[in-house]
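Those letters in the sequence shown? Residues 3 to 332, per full-length UniProt numbering, in order. Just so it is clear, CB atoms sit at the ideal spot from N, CA and C, and this is done for glycine as well. Since this is a predicted model, take the numbers as computed values, not measurements.
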Amino acid sequence: NRQIAVAELPTGTLTEANFALEKAIMPTPKDNEVLLRTILMSIDAANRSWMQGATYRAAVKAGDAMPTYSICEVVESKSDRFSAGDIVATESVWADYVVCPARQLQKLPDMAPLSNLMSVYGIAGKTAFHGLVGVGKPIAGETVLVSAAAGSVGGYVGQIAKALGCRVVGIAGGPDKCASVVQDLGFDACVDYQDPGLFKALKAACPNGVDIYFDNVGGKVLETALFHMNERGRVVCCGAISQYDTNNATGPRNLPGLVVVKRLRMEGFIVMDFADQDATALRALKHWVSTGQIKVQEDIVEGLENAPSALIGLLAGRNRGKLMVRVSAD
Ligand code: NDP
């Protein structure tokens, strides 16, 4: 058995030196526990934010195995609720094998490919649906702006907003990503935040202003987007990836000024808040996948040992769609 631990907490940009691949003992389950073989691990911007201190969960400390959300197969069960061969989702760590309490496991439907349960039917799709529909409450004809548009959550937000009849504008890093957001994901336009002309480009791409800004990045992009909001617009605060991998966080300077003047509503959410709406989200997502209105983009990196470079790559914008690591076969 192998695991990846946090060797040292980062003080600035995350590097491979912050992690250590270790040999681990093969754990044995006690009563009401199960032994799991990791199949897929979700690589999330949140992995980096947990290293900054306590959030909606405890902070990750030096020496800890890196926490993750995983899809696993039950190898051995000491619980009457699970049997060998069951496929489950769980909070876990970066490791080949783990033992988990049965109460924290969620049995997954038998579906191929399993990776869809981590992308469109997993955290990414649910976060996009609940944030946009539950918090943003879009109305057909409105303009929806979304950052990290070529990423996993952002890509689904835009496609869902299109399916709901909105005009959709993305923000992404670099001309290639922006072109792919329009051509492959069907956004109406996409602007490059790395271009110094972001303000003007947003104005041109959103001639009627912005009714909903779905913010995945925070910082300067949020500051610029606020200037383009329409009166009584909604800002859905999903994450702040521009602030996670730095010790130099920069908040928008136009807060709360523009929120007051434009009567904006800014509201944060965590995907779990909407667990009681998951069935509705999954029904809608399945429908849009079946009609081709949602394309599923997955970025699967092979091998447990490559998890640190995958996370570093996500923070540097090297992923297209939902990033995950395959640890073993389905
Ligand atoms: P993504 O697949 O969107 O990948 C992250 C993307 O962020 C990168 O591809 C990169 O694209 C972009 N990015 C990186 N650094 C910056 C920067 N400094 N400024 C602007 N963009 C940047 O990751 P996720 O889908 O996992 O996460 C997206 C967001 O959703 C995160 O903020 C995350 O914390 C949040 N989230 C929130 C949840 C909730 O419950 N509230 C649940 C899950 C995720 P580019 O090349 O365009 O820069």
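- F216 is the residue among F216, W290, P111 and M231 whose C-alpha sits nearest the C-alpha of G241.
- Taken through DSSP and simplified to helix, strand or coil, I162 comes out as helix.
- Take Q5, set aside five residues on each side of it, and the residues of its chain with a beta-carbon closer than 7 Å to its own are E24, A26, A67, V95, W96 and A97, in chain order.
- The beta-carbon distance between I125 and S44, rounded to whole angstroms, is 6 Å. This is short enough to meet the 8 Å contact definition.
- Between G156 and the set R169, C168, M113 and A174, the nearest pair of CA atoms involves A174.
- With a threshold of 7 Å, the Cβ atom of N249 does not count as near the ligand NDP, since no heavy atom of the ligand is closer than that.
- A Cβ-Cβ distance of about 5 Å is found for the pair D190 and V170, placing them in contact under the 8 Å criterion.
- Collapsing the DSSP output to three states places R169 in a strand.
- For S72, the enclosing beta strand (DSSP E) starts and ends at P69 to S79.
- Less than 8 Å divides the Cβ of L287 from the Cβ of G127.
- Shortest gap from the CB of F271 to any heavy atom of the ligand NDP: under 7 Å.
- A206 carries a helical assignment under DSSP once its states are collapsed to helix, strand and coil.
- By the C-beta density criterion, M53 is buried, having at least 16 other C-beta atoms within 10 angstroms.
- Annotation: the continuous alpha helix (DSSP H) that includes V263 extends over G259 to V263.
- Judged by the Cβ position, T17 fails to qualify as a neighbour of the ligand NDP at the 7 Å threshold, every heavy atom of the ligand being at least this far.
- When L147, D178, A130 and A151 are compared, the shortest CA-CA separation from I162 is found for A130.
- In this structure, T226 has its CB at a distance of at least 7 Å from all heavy atoms of the ligand NDP.
- When DSSP states are grouped into helix, strand and coil, T252 belongs to the coil group.
- Under the DSSP definition of a beta bridge, V95 partners with P69.
- The shortest CA-to-CA distance from D46 to any of A150, H289 and E233 is the one to A150.
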